[in-house]
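Numbering (the numbering used here), first residue to last: 659 to 947.
Idealized CB from N, CA, C, for every residue including glycine.
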Ligand SMILES: NC(=O)c1ccc[n+]([C@@H]2O[C@H](COP(=O)([O-])OP(=O)(O)OC[C@H]3O[C@@H](n4cnc5c(N)ncnc54)[C@H](OP(=O)(O)O)[C@@H]3O)[C@@H](O)[C@H]2O)c1
């Protein structure tokens, strides 16, 4: 009989995410070890508990999920998990703090259904946040020219520089979206718009969206009214509006959940897989919609 599938859920928040736990159980995890308030220096001890208890051939039945609401804290835990491995002693790991990787992979995958990403021009509004940065990274990694919108050109610049160091393709351009006139210029020639601004913040009015003549796909990740893209319904899923296929946050949500569940299932196929945003995008491309 195969050993039980054990998932070590590491979360920087005091209470590990119930959402992530439910998805894990629904994805076939037999035993979930939930740890909250985890700090990077505690990770090696926790991970070694997985590595030293099963023979190498059975390590694929143990895996780690890193979540939490704070994305940079999650990244630090993720780094510490990978550092705890040595030689053949490793388990597969999935990183999805605050749903940032599954959400960005879903958004970019859906955009790619309408536009050839390699030759696309995209605008990511709210592109300085953890989700927007990942959307921009995945788009640039797919070869697109990506304009990163922020209320502050300096912040957009810093984000572009940081992402440029992480990808070898694409082209990153900082944009200020403080004024409507800035937005009109930023939208010129753009086929993809992704609104990744904070919850409850409108970033593009319906009028501004209608002016974007080259727009093919518009994706809003904000599910809290007012929505990020005015006139796009949160339930929209490839709904044609003013010539562009539109997606609302709930329209993206189905794909996001599918990526999350499939990545969790795949964790237990081998003991050496890493699921960060790029791997989740690859996985999304293989999923049947
Ligand atoms: N469906 C899902 O499962 C899921 C999962 C995760 C996130 N989300 C959604 O995805 C979106 C992005 O998430 P996030 O965590 O990356 O967001 P975030 O960090 O809260 O905000 C993203 C960016 O929005 C801009 N912003 C903040 N307040 C603003 C304001 N009042 N006016 C204009 N711009 C403002 C900021 O950029 P500047 O300061 O540089 O302008 C910020 O970097 C959110 O709407 C979130 O709810 C959905």
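When the Cα atoms are used, what is the spatial distance from residue 736 to residue 724?
One-based indexing of the chain shown puts residue 736 at position 78. One-based indexing of the chain shown puts residue 724 at position 66. Taking the straight line from one Cα to the other gives about 6 Å.
According to DSSP, is residue 788 helix, strand or coil?
As a working mapping, residue 788 is identified with position 130 in the chain shown. Note: residue 788 maps to helix in three-state DSSP.
Candidates 863, 855, 824: closest to residue 839 by CA position
Locating residue 839 in the chain shown gives position 181, counting from the first residue. Residue 839 has its Cα closest to that of 863, out of 863, 855, 824.
By Cβ distance, which residues of its chain are closer than 7 Å to residue 686, with the 5 residues on each side in sequence left out?
Within the chain shown, residue 686 is the residue found at index 28, counting from 1. Cβ contact annotation for residue 686 (same chain, cutoff 7 Å, sequence separation greater than five): 663, 923, in chain order.
Can you list the alpha helix (DSSP H) stretches of 4 or more residues lying completely in the segment 854 to 920, in chain order?
Here the runs fully enclosed are 864 to 869.
Let me check one thing: in DSSP terms, what residues is residue 712 bridge-paired to?
Within the chain shown, the letter at position 54 stands for residue 712. Paired residue(s): none; residue 712 is not in a bridge.
What separation, rounded to the nearest whole angstrom, lies between the Cα atoms of residue 791 and residue 785?
Position 133 of the chain shown, counted from the start, is the residue given in the question as residue 791. Position 127 of the chain shown, counted from the start, is the residue given in the question as residue 785. Computed Cα separation, rounded: 5 Å.
Kindly list the residues whose CB is nearer than 6 Å to the CB of residue 888, restricted to its own chain and excluding five residues on each side of it in sequence; keep chain order.
Counting from one through the chain shown, the residue named residue 888 turns up at place 230. Answer for residue 888: 860, 863, 864, listed in chain order.
Are the segment 700 to 707 and the segment 734 to 749 touching, with three or more C-beta to C-beta distances below 8 Å?
Yes: the two stretches touch, three or more of their Cβ pairs being nearer than 8 Å.
May I ask whether a heavy atom of ligand 1 can be found less than 8 Å away from the beta carbon of residue 829?
As a working mapping, residue 829 is identified with position 171 in the chain shown. Outside the cutoff, so no.
Taking 8 Å as the line, does the beta carbon of residue 753 fall inside it for any heavy atom of ligand 1?
Walking along the chain shown from the start, residue 753 turns up at place 95. Outside the cutoff, so no.
Judging by CA-CA distance, which residue of 877, 675, 757, 695 is the nearest neighbour of residue 921?
Your numbering for residue 921 matches position 263 in the chain shown. Sorting 877, 675, 757, 695 by C-alpha distance to the C-alpha of residue 921 places 757 at the top.
How long is the line joining the alpha carbons of residue 823 and residue 733, rounded to whole angstroms?
Locating residue 823 in the chain shown gives position 165, where the first residue counts as 1. Locating residue 733 in the chain shown gives position 75, where the first residue counts as 1. Their backbone Cα atoms lie some 16 Å apart in a straight line.
With a threshold of 8 Å (Cβ to nearest heavy atom), would residue 795 be considered close to ligand 1?
Position 137 of the chain shown, counted from the first residue, corresponds to residue 795. Not so, every heavy atom of ligand 1 lies at least 8 Å from the Cβ.
Within its chain, find whatever has a CB closer than 6 Å to the CB of residue 794; leave out the 5 residues flanking it on each side and keep chain order.
As a first step, residue 794 is located in the chain shown; it is residue number 136 there, counting from the start. Once the five neighbours on either side are set aside, the close Cβ partners of residue 794 are 782, 785, 804, 806, 821.
May I ask whether a heavy atom of ligand 1 can be found less than 8 Å away from the beta carbon of residue 861?
Sequence index remark: in the chain shown, residue 861 carries index 203 (1-based). Yes, the beta carbon of residue 861 sits closer than 8 Å to at least one heavy atom of ligand 1.
Rounded to whole angstroms, what's the CA-CA distance from residue 898 to residue 904? Just pull it up for me.
By 1-based counting over the chain shown, the position of residue 898 is 240. By 1-based counting over the chain shown, the position of residue 904 is 246. Cα-Cα distance, rounded: 6 Å.
If you draw a straight line from the C-alpha of residue 750 to the C-alpha of residue 690, how long is it?
The residue labelled residue 750 in the question sits at position 92 within the chain shown. The residue labelled residue 690 in the question sits at position 32 within the chain shown. Taking the straight line from one Cα to the other gives about 15 Å.
With 16 as the cutoff for other CB atoms within 10 Å, does residue 925 come out buried or exposed?
For the purposes of this step, residue 925 is identified with residue 267 of the chain shown, where counting begins at 1. Label assigned to residue 925: buried.
Give me, in chain order, the residues of the same chain whose beta-carbon lies closer than 8 Å to that of residue 848; leave out the 5 immediate sequence neighbours on both sides.
Residue numbering aside, residue 848 sits at position 190 when the chain shown is read from its first letter. Excluding sequence neighbours, residue 848 sits near 779, 780, 781, 805, 870, 872, 873.
Might you give, ordered along the chain, the residues of its own chain that have their beta carbon closer than 6 Å to the beta carbon of residue 852, omitting 5 neighbours on each side?
As a first step, residue 852 must be located in the chain shown, where it is residue number 194. Excluding positions up to five away in sequence, the list reads 765, 782, 793, 877.
Just to confirm my understanding: we take residue 866, look at its own chain, exclude 5 residues before and 5 after, and list those with CB closer than 6 Å. What are they?
Here residue 866 is taken as the residue at index 208 of the chain shown, counted from 1. Answer for residue 866: 841, listed in chain order.
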